[in-house]
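Notes to accompany the following structure.
Protein chains: 2
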Amino acid sequence: MGQRDAIDAAILKAVQQNGRISNADLAERVGLSPSACSRRLDILEKSGVINGYYARVSPKALDYKMIAIVHISLSGQFAKTLNEFESAVKLCPNVLVCYLMSGEYDYILRVAAKDLEDYERIHRDWLSALPHVVKINSSFALREIIDRPNVGV
Amino acid sequence: MGQRDAIDAAILKAVQQNGRISNADLAERVGLSPSACSRRLDILEKSGVINGYYARVSPKALDYKMIAIVHISLSGQFAKTLNEFESAVKLCPNVLVCYLMSGEYDYILRVAAKDLEDYERIHRDWLSALPHVVKINSSFALREIIDRPNVGV
DNA sequence: GGACACGTGCAATGTCCTTGCAAAGCCAGT
DNA sequence: ACTGGCTTTGCAAGGACATTGCACGTGTCC
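Residue numbers (the numbering used here), protein chains in the order written: chain B, 49 to 201; chain R, 49 to 201.
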């Protein structure tokens, strides 16, 4: 899985910057005819190199004004423990990102909330209810400096 | 700034899930004629509610296999100190996310790297070179559990 | 050298996006 | 309730666009 040449790389770069670029413009940008470009894009999509296209909506417009970074430790690192935690955390729609981490904490989460009251609800109904959790540490984002969809974009 | 009614909300939900949905399909989905739908979408884009569209590319295809979470403390919290740090960090293409935080550390960063060697280079050439930094703490993601573009999507 | 697979460009067809325009809905003030 | 003005809608047309079939060129392997 992966792009094959410089043209595929150029296509990927273009659609990362503008997911709604027309095939005609994309073809011109990468130096191909529209048909050839359309077929390459099709291959990149079907092979899974391109996972999908998304609109980026201003969180404020959706009333999600708050971002919390949550560090979580579990009671153990057995596979069963991790699996149960992960299955549960996937169900919470407010969790935007979740990584299993090296270091002091086991998981790090990025959580979106409408306001502090909303976060309190999420913390109470979702985070505290996750299985095997022994420690939760929430920090709040005061300001967003960077939010890039991809490297160098 | 924000959507006005249920139809705008439905449009936003749709384009968050599929940024390349055709206007015709979108119109049918939200129960409008294509022209009315196109005009609403146009307003949502021009008013900044929709920040843009992007393709989600498999990081593996781009050879970025590593995600690091970096906590950074500065030598002070004066506006000038923060501004200089932020201007500098914005220049590093590998920094995907950066928040000014409450709590123990001042900033939290999400950094993409191709491999450990690449991360070492980023750490040396970029992160360590950021102004006013007194403490850097890097943790590495062992596995990605969730990566949602938006709440509930 | 020949057969084959692969990628490309060209052309055509059908779909789609967009804009102008008239009508309908909506709200405020009387 | 009525009227005036503003907003939003649906329809229609024209122009742009995506997609598919087909033929040509290139490189490879036998």
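Where is the CB? At the ideal position from N, CA and C, for every residue including glycine.
For residue i, would you say it is in contact with chain R, using Cβ-to-Cβ distances shorter than 8 Å as the test?
| i | result |
| --- | --- |
| residue 88 of chain B | no |
| residue 124 of chain B | no |
| residue 134 of chain B | yes |
| residue 179 of chain B | no |
Please list the partners that residue i has in chain R, where partner means a Cβ-to-Cβ separation under 8 Å.
| i | result |
| --- | --- |
| residue 106 of chain B | 49, 96, 97, 98, 99 |
| residue 115 of chain B | 147 |
| residue 138 of chain B | 193, 194 |
Mind pulling the chain B residues with CB within less than 9 Å of residue i?
| i | result |
| --- | --- |
| residue 195 of chain R | 144, 145, 146, 147 |
| residue 66 of chain R | 100, 101, 102, 103 |
| residue 167 of chain R | None at all; the shortest Cβ gap to chain B is about 12 Å. |
Since residue i contacts residue j with CB under 8 Å, what's their CB separation in whole angstroms?
| i | j | result |
| --- | --- | --- |
| residue 62 of chain B | residue 148 of chain R | About 32 Å; that fails the 8 Å criterion. |
| residue 116 of chain B | residue 187 of chain B | 7 Å |
| residue 199 of chain R | residue 197 of chain B | Actually they do not touch by this definition, with Cβ atoms about 16 Å apart. |
| residue 193 of chain R | residue 181 of chain B | Contact flag wrong, Cβ pair sits at about 14 Å. |
| residue 184 of chain R | residue 118 of chain R | 6 Å |
| residue 157 of chain R | residue 120 of chain R | 7 Å |
| residue 153 of chain R | residue 146 of chain R | Their Cβ separation, rounded to whole angstroms, is 12 Å, which puts residue 153 of chain R and residue 146 of chain R out of contact at 8 Å. |
| residue 68 of chain B | residue 67 of chain R | 7 Å |
| residue 122 of chain R | residue 129 of chain R | 6 Å |
Strictly under 8 Å for the Cβ-Cβ distance: is residue i near chain B by that measure?
| i | result |
| --- | --- |
| residue 198 of chain R | yes |
| residue 82 of chain R | no |
| residue 187 of chain R | yes |
| residue 150 of chain R | yes |
| residue 184 of chain R | no |
| residue 160 of chain R | yes |
Output, in chain order, the set of chain B residues within a Cβ distance shorter than 7 Å of residue i.
| i | result |
| --- | --- |
| residue 63 of chain R | 103 |
| residue 6 of chain R | The question about residue 6 of chain R has no answer, for chain R in this structure spans 49 to 201. |
Could you work out which residues of chain R lie near residue i, taking near to mean beta carbons separated by less than 7 Å?
| i | result |
| --- | --- |
| residue 156 of chain B | 117 |
| residue 190 of chain B | 148, 149, 150 |
Residues of chain R with a CB under 9 Å from the CB of residue i: which are they?
| i | result |
| --- | --- |
| residue 60 of chain B | 103, 105, 109, 110 |
### Query
Which runs of the beta strand (DSSP E) fall wholly inside the region 142 to 198 of chain B and span at least 3 residues, in chain order?
For the region 142 to 198 of chain B, whole beta strand (DSSP E) runs of length 3 or above, ordered along the chain, are 143 to 149, 155 to 161, 181 to 195.
### Task
State whether the region 83 to 100 of chain R contacts the region 168 to 176 of chain B, with contact taken as three or more CB pairs (one from each stretch) at a distance under 8 Å.
Too few Cβ pairs lie closer than 8 Å, so no.
### Task
Quick one: which unbroken beta strand (DSSP E) runs of 3-plus residues sit fully inside the region 71 to 125 of chain R? Chain order, please.
If you keep only unbroken beta strand (DSSP E) runs of at least 3 residues inside the region 71 to 125 of chain R, you get 98 to 105, 114 to 122.
### Query
Counting Cβ pairs closer than 8 Å, one from the region 145 to 161 of chain B and one from the region 98 to 106 of chain R, do we hit at least three?
Fewer than three beta-carbon pairs drawn from the region 145 to 161 of chain B and the region 98 to 106 of chain R are found closer than 8 Å, and the two stretches are therefore not classed as touching.
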